[in-house]
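Remember, our numbering sits 7 above the position in the sequence shown when you count from 1.
No residue lacks a Cβ here, since even glycine has one placed at the ideal position from N, Cα and C.
Nothing here was measured: the structure is a model prediction, and the numbers come from that model.
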Amino acid sequence: MSERPIRVKMINVQLSNERVSTLLQTDDNFDILMIQEPWMGTVATLRSDTNPEGEIQLGLPYNNKWETHLPRHTTGQICKAVTYTRKTLERHFLIRNQLTHPLSNPCSVVVDVVEGDEGDVLVRLVNTYNPPLRPRQNPTDPSPQTSVLKYLTDHDLDDNIPTVIAGDFNTYAEHWSIPPATYSS
8 MSERPIRVKM
18 INVQLSNERV
28 STLLQTDDNF
38 DILMIQEPWM
48 GTVATLRSDT
58 NPEGEIQLGL
68 PYNNKWETHL
78 PRHTTGQICK
88 AVTYTRKTLE
98 RHFLIRNQLT
108 HPLSNPCSVV
118 VDVVEGDEGD
128 VLVRLVNTYN
138 PPLRPRQNPT
148 DPSPQTSVLK
158 YLTDHDLDDN
168 IPTVIAGDFN
178 TYAEHWSIPP
188 ATYSS
C-alpha cells in the first residue's frame with residue numbers, strides 16, 4: 008500500500024469561473040479538488056458552412072495540470088458537482104470516474120482512487136451538491152433538497168471500500184446555522 012498522502016480540498020465556488028480557474032492554476036497544495044456549483048459556460052462556438060452562426064459549446068474551466076471528472080449526466084443537464092484530480096497523482100494511483108455508480112448523477116460525482124492498475128480501491132470520494140430548499144410548484148412534489156439527501160441515504164455503501172461523502176448539503180439547523188438563516192435561505 009502506498010504511503011503517499013492524498014490531499015483533498017472541497018469548496019463551493021458559487022458558479023465563479025475566476026474561482027475555479029484560480030484554484031486550478033495556483034493551488035499546488037492539493038491533489039484532488041471537489042467543487043460544488045462549478046462555473047459552466049460557453050467555452051467555444053462550433054461553426055460550419057451549414058451553420059455559420061454556430062452552436063454554443065458549454066464546458067468547465069480547463070487546466071492542463073488537472074483531469075476533469077464530471078458526473079453522469081445527459082445533454083442539457085447542468086452539473087452541480089465536479090472533481091478535478093492533479094495529473095501528477097496518476098504517477099502513484101489510478102483514478103476512476105464511476106459513471107455507472109448509483110450515486111453518480113448531475114449533483115454527485117463518484118471517483119475511486121485505486122492502488123496500481125488493478126489494485127484495491129483505497130478510497131471512494133463522493134462529491135455532492137444538495138440544492139437549497141425552494142418552494143415547490145406542486146405541494147405533493149418532493150423538494151429537490153429532500154430528494155438528493157434521501158437518494159444519498161437510500162443507497163448502501165460497499166463495506167469493503169473506505170468512502171468519503173463530502174459536499175455542500177445546504178442544510179439548516181439551529182445548532183450550526185448563522186442567524187438570521189432560515190429553512191428557506
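Contact belief for residue i with residue j at Cβ below 8 Å, rounded distance in angstroms
i: Trp73; j: Leu31; result: 5 Å
i: Leu159; j: Thr135; result: 7 Å
i: Pro68; j: Trp46; result: 6 Å
i: Val120; j: Ile185; result: The pair is not a contact, with the Cβ atoms about 34 Å apart (cut-off 8 Å).
Whether residue i touches residue j by CB criterion (8 Å)
i: Val117; j: Val130; result: no
i: Met41; j: Thr90; result: yes
i: His76; j: Thr95; result: no
i: Cys114; j: Lys157; result: no
i: Val155; j: Pro138; result: yes
Residue i versus the options, residue with shortest Cα-Cα distance
i: Asn104; options: Glu44, Glu60, Thr49, Ile39; result: Ile39
i: Thr82; options: Val20, Gly66, Arg93, Ile185; result: Gly66
i: Thr170; options: Val155, Phe37, His182, Asp127; result: Asp127
i: Glu25; options: Glu125, Asn70, Asn36; result: Asn70
Proximal residues to residue i (C-beta, below 6 Å), its chain only, five neighbours per side dropped
i: Ile172; result: Val133
i: Asp175; result: Asn19, Gln43, Tyr136
i: Val15; result: Ile39
Close Cβ partners of residue i (< 7 Å) along its chain, the five nearest in sequence each way excluded
i: Ile63; result: Thr49, Thr52
i: Asn112; result: Pro78, Arg79
i: His162; result: Pro109, Leu110
i: Asn58; result: none
i: Thr33; result: none
i: Asn36; result: Arg14
Residues of its chain near residue i, where Cβ-Cβ distance is below 8 Å and the 5 sequence neighbours each way are ignored
i: Glu97; result: Glu74
i: Val27; result: Val20, Ile42, Pro45, Trp46, Leu67, Pro68
C-beta neighbour in chain B for residue i, strict 8 Å
i: Asp175; result: No chain B is present in this structure, which holds just one protein chain.
Residue i beta carbon near the ligand SAH (any heavy atom closer than 7 Å)
i: Gln32; result: The ligand SAH is absent from the structure shown, which contains no ligand whatsoever.
Beta strand (DSSP E) runs contained entirely in the stretch 20-70, provided each spans 3 or more residues: DSSP runs (the beta strand (DSSP E)) wholly in the stretch 20-70: 39-43, 48-53, 62-66.
Length at least 3, wholly inside the stretch 70-117: the beta strand (DSSP E) runs in chain order: Runs found: 73-76, 88-93, 100-104.
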